[in-house]
Amino acid sequence: MAQKYAIVDIETTGGHFGSDRITEIAIVVLESGIKIREFQSLVNPNRSIPPEITRITGINNQMVALAPQFFEIARDIILCMQDCIFVAHNVQFDYSFIRNEYSLLGYSFNMKRLCTVRLARKFFPGLRSYSLENLIRHFQIHVNARHRAYDDVCATVEVFMHINRQNFGSENYNQTLKNVLRENKLPASLTYEDIRMLPEMCGIYKMKDQSDSILYIGKSLNIRERIIQHFNDVTTKTSKMIRNVHSIETIVTGSELVAILMETEQIKQFTPPINRALKSKDEKYFVIVSERSDGLKFLEIKQKEWVKNGIPVFGMFTNVIRAKSFIRFLEEKYELCSGLAKAKQLFQSPCELYVVQKCHGVCVGKESIESYNLRFNEMIVCEWNIFCEDLVILDTGRHADEKSFVLIENGFCKALGFLTNQNGIPSLAELEKNSLPYRGTYESNRMIKSHLEKNKQSICLKISELPKK
117 MAQKYAIVDI ETTGGHFGSD RITEIAIVVL ESGIKIREFQ SLVNPNRSIP
167 PEITRITGIN NQMVALAPQF FEIARDIILC MQDCIFVAHN VQFDYSFIRN
217 EYSLLGYSFN MKRLCTVRLA RKFFPGLRSY SLENLIRHFQ IHVNARHRAY
267 DDVCATVEVF MHINRQNFGS ENYNQTLKNV LRENKLPASL TYEDIRMLPE
317 MCGIYKMKDQ SDSILYIGKS LNIRERIIQH FNDVTTKTSK MIRNVHSIET
367 IVTGSELVAI LMETEQIKQF TPPINRALKS KDEKYFVIVS ERSDGLKFLE
417 IKQKEWVKNG IPVFGMFTNV IRAKSFIRFL EEKYELCSGL AKAKQLFQSP
467 CELYVVQKCH GVCVGKESIE SYNLRFNEMI VCEWNIFCED LVILDTGRHA
517 DEKSFVLIEN GFCKALGFLT NQNGIPSLAE LEKNSLPYRG TYESNRMIKS
567 HLEKNKQSIC LKISELPKK
């Protein structure tokens with residue numbers, strides 16, 4: 117029996133399968149190159165269609181008001197596509213929306229998939245673009261109404277048939293079909309061979325779009341394995357990544373610690389959109405160190421938008437209550453004054469903690485400003501993980517003949533780098549020659565100390581004990 121292919125196109129209220137809904141669906145089923153059945157319907161999305169979507173598709177709220185909801189046509193769609201391979205242009209988009217609709221109905225929707233973008237790239241290399249619009253022009257396909265599901269699915273059928281007519285039956289074609297079926301979870305611009313060539317080593321990776329802009333930066337002990345996980349685990353937030361990734365750049369570090377520090381620095385430098393989306397948007401309140409006009413230091417709560425770049429942040433919180441609780445915890449732990457943020461002048465009244473004998477009395481003149489700030493600074497060192505000594509941390513390198521290093525100076529990470537493997541102790545000159553500058557922060561210190569705590573075998577050498585040359 118010949119393989120059946122269900123060519124599918126949908127129109128939607130927007131681009132995110134988790135939050136948007138289908139407004140129109142069209143299916144054409146092919147067997148041996150002949151259309152054996154089809155299905156098309158407008159779909160009531162149970163929400164308003166944005167004006168900008170109506171301008172593109174021509175589908176408005178009045179048109180879908182009396183259309184069936186998806187659950188009313190769900191059985192017809194399943195019967196239409198029974199025993200078929202699901203085919204679409206940018207298949208992940210259409211498939212994700214349809215799978216989500218069935219998921220909302222409590223049904224698990226799973227089909228083998230083929231992407232006509234990927235097939236066209238393989239069999240018609242060198243085209244300027246593989247958008248449906250460009251392929252319609254390239255193959256001189258007649259279309260009545262672009263961005264309507266039935267017209268677009270008919271155009272996709274023609275693209276699919278052009279590919280089949282030129283290549284059907286060849287050994288290369290059959291193998292390519294197998295490869296594309298295996299690649300169906302990848303973005304259209306990536307192939308299985310691209311993924312196979314990724315390093316199975318520790319490092320960082322940058323996923324880029326067609327304009328070479330960075331969409332996402334990540335780290336992993338096994339870069340290839342982690343990227344495969346990304347493409348197998350599509351969520352609402354990562355669906356944009358799946359559709360738009362055009363290339364992947366990798367930096368092998370060999371060292372997990374170096375990868376952690378590089379990832380943090382690069383995310384801050386490039387602020388990729390998917391990293392921003394995955395990071396909690398609810399941390400609106402920052403705790404920072406402030407200093408009064410009389411020289412006393414204290415912890416203060418600021419809204420996120422009022423904190424300038426470069427100012428050290430002590431903690432980030434979803435609401436003021438949690439931020440206040442954090443400050444109170446530190447004030448009690450280090451016996452600090454709880455009234456410095458409120459009192460304009462000292463000696464007017466004791467703070468709450470002085471009353472319960474948990475403040476040394478700077479607020480009533482019983483402790484000097486110098487003594488208070490000394491204890492405050494001790495709290496900073498302990499809680500913010502400032503290093504008290506200049507160190508070099510040695511770790512695994514990118515290959516057997518190499519070591520990586522992290523250089524700590526004046527309390528913070530100042531450089532990263534790699535050294536030719538040696539049995540002896542590295543010299544200061546070697547470290548300086550191979551150093552890549554790094555702007556350490558309290559956050560990076562916390563990461564370094566956490567790594568050292570988990571990896572007791574890490575080699576830490578005091579800078580003062582290293583040879584100069």
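Position 300 (the sequence shown) corresponds to 416 in our numbering; numbering is contiguous. For every residue, glycine included, the Cβ atom is placed at its ideal position computed from N, Cα and C.
Roughly how many angstroms separate the alpha carbons of residue i and residue j, rounded to a whole number?
i, j, result
"Pro389", "Phe225", "30 Å"
"Asn360", "Asp517", "38 Å"
"Thr139", "Phe186", "9 Å"
"Phe240", "Ser327", "22 Å"
"Glu217", "Ile175", "19 Å"
"Ile169", "Thr536", "58 Å"
"Phe155", "Val259", "18 Å"
"Ile330", "Ala545", "35 Å"
"Phe528", "Val159", "58 Å"
"Leu220", "Phe133", "11 Å"
"Ile383", "Asn295", "34 Å"
"Lys228", "Leu293", "11 Å"
"Ala190", "Ile165", "21 Å"
"Ala393", "Asn526", "34 Å"
"Lys238", "Tyr332", "26 Å"
"Val405", "Met563", "21 Å"
"Ile509", "Phe521", "5 Å"
"Leu325", "Glu309", "The sequence shown places Asp at residue 325, rather than the Leu named in the question. Rounded to the nearest angstrom, the two C-alpha atoms are 18 Å apart."
"Lys572", "Lys585", "28 Å"
"Asn561", "Arg312", "35 Å"
"Glu486", "Ile496", "15 Å"
"Tyr488", "Glu548", "38 Å"
"Gln464", "Met432", "32 Å"
By Cβ distance, which residues of its chain are closer than 7 Å to residue i, with the 5 residues on each side in sequence left out?
i, result
"Glu507", "According to the sequence displayed, residue 507 carries Leu and not Glu. Excluding positions up to five away in sequence, the list reads Ile524, Cys576, Leu577, Lys578, Ile579."
"Asp125", "Ala142, Ala204, Asp210, Ala265, Asp268, Val269, Thr272"
"Pro161", "Thr129, Arg137, Ile138, Thr139, Val180"
"Ile172", "His263"
"Gln419", "Lys400, Tyr401"
"Asn391", "Tyr332, Ile333, Ile383"
"Asn550", "Gly533, Phe534, Leu535"
"Asp192", "Phe155"
What whole-angstrom Cβ distance do residue i and residue j have, given they're in contact under 8 Å?
i, j, result
"Ser371", "Cys318", "7 Å"
"Glu499", "Leu446", "7 Å"
"Leu415", "Phe430", "6 Å"
"Gly455", "Cys467", "3 Å"
"Glu341", "Glu316", "7 Å"
"Ala183", "Ser157", "7 Å"
"Ile339", "Leu306", "Ile339 to Leu306, Cβ: 14 Å. No contact."
Below 8 Å between beta carbons: does that hold for residue i and residue j?
i, j, result
"Leu615", "Cys479", "Residue numbering for the chain in the displayed model covers 117 to 585; residue 615 lies beyond these limits and cannot be assessed."
"Leu532", "Leu377", "yes"
"Lys474", "Glu494", "no"
"Gly556", "Lys530", "yes"
"Ala304", "Arg234", "yes"
"Pro379", "Gly334", "This sequence places Glu at residue 379; Pro is not what is there. Yes. Within cutoff."
"Ala375", "Thr369", "yes"
"Cys196", "Ala261", "no"
"Phe492", "Lys413", "yes"
Closer than 8 Å, CB to CB, is residue i near chain D or not?
i, result
"Ile123", "Protein chain content of the structure displayed is limited to a single chain, and chain D is not contained in it."
Flag residue i as yes when its Cβ comes closer than 7 Å to any non-hydrogen atom of the ligand GDP, and as no otherwise.
i, result
"Glu372", "By its list of ligands, the structure shown contains no ligand whatsoever, and the ligand GDP lies outside what it can speak to."
Closer than 6 Å by C-beta to residue i: which residues in its own chain qualify, once you throw out the five before and the five after it? Chain order, please.
i, result
"Leu568", "Ser574"
"Ser484", "none"
"Asp511", "Ser371, Leu373, Ser520"
"Phe255", "His278"
"Pro542", "Leu535"
"Phe503", "Ile524, Gly527"
"Ser336", "Arg342"
"Arg215", "Phe225"
"Lys322", "Ile330, Ile333, Glu365"
Which same chain residues end up closer than 8 Å to residue i when comparing Cβ atoms and leaving out the 5 residues on each side of it in sequence?
i, result
"Asp199", "Lys120"
"Ala236", "Leu243, Tyr246, Leu251, Val275, Ile279"
"Val436", "Tyr401, Ile417"
"Asn206", "Cys231, Val233, Ala304, Arg359"
"Ile257", "Leu251, Ala271, Glu274, Val275"
"Arg163", "Thr129, Arg137"
Considering only residues of the segment 207-252, which uninterrupted alpha helix (DSSP H) runs meet the minimum length of 4 residues and lie entirely inside it, listed in chain order? 207-220, 232-239
To test your reading of the DSSP string, which unbroken beta strand (DSSP E) runs of 3 or more residues are found completely within the segment 387-462? 401-407, 413-419, 429-433
In chain order, which beta strand (DSSP E) runs of at least 3 residues are fully inside the segment 313-383? 319-324, 330-336, 363-368
Only counting runs of 4 or more residues, tell me where the alpha helix (DSSP H) segments fall wholly within the segment 526-584, in order along the chain. Every alpha helix (DSSP H) of 4 residues or more that sits fully in the segment 526-584 is shown, in chain order, as 544-549, 558-570.
Could you name each continuous alpha helix (DSSP H) segment of 4 residues or more that falls completely within the segment 460-526, going from the start of the chain to the end? Taking only runs of at least 4 residues, the alpha helix (DSSP H) segments lying wholly in the segment 460-526 are 468-471, 485-499.
In chain order, which continuous runs of the beta strand (DSSP E) of length 3 or greater are located wholly inside the segment 121-205? Runs found: 138-147, 150-158, 200-204.
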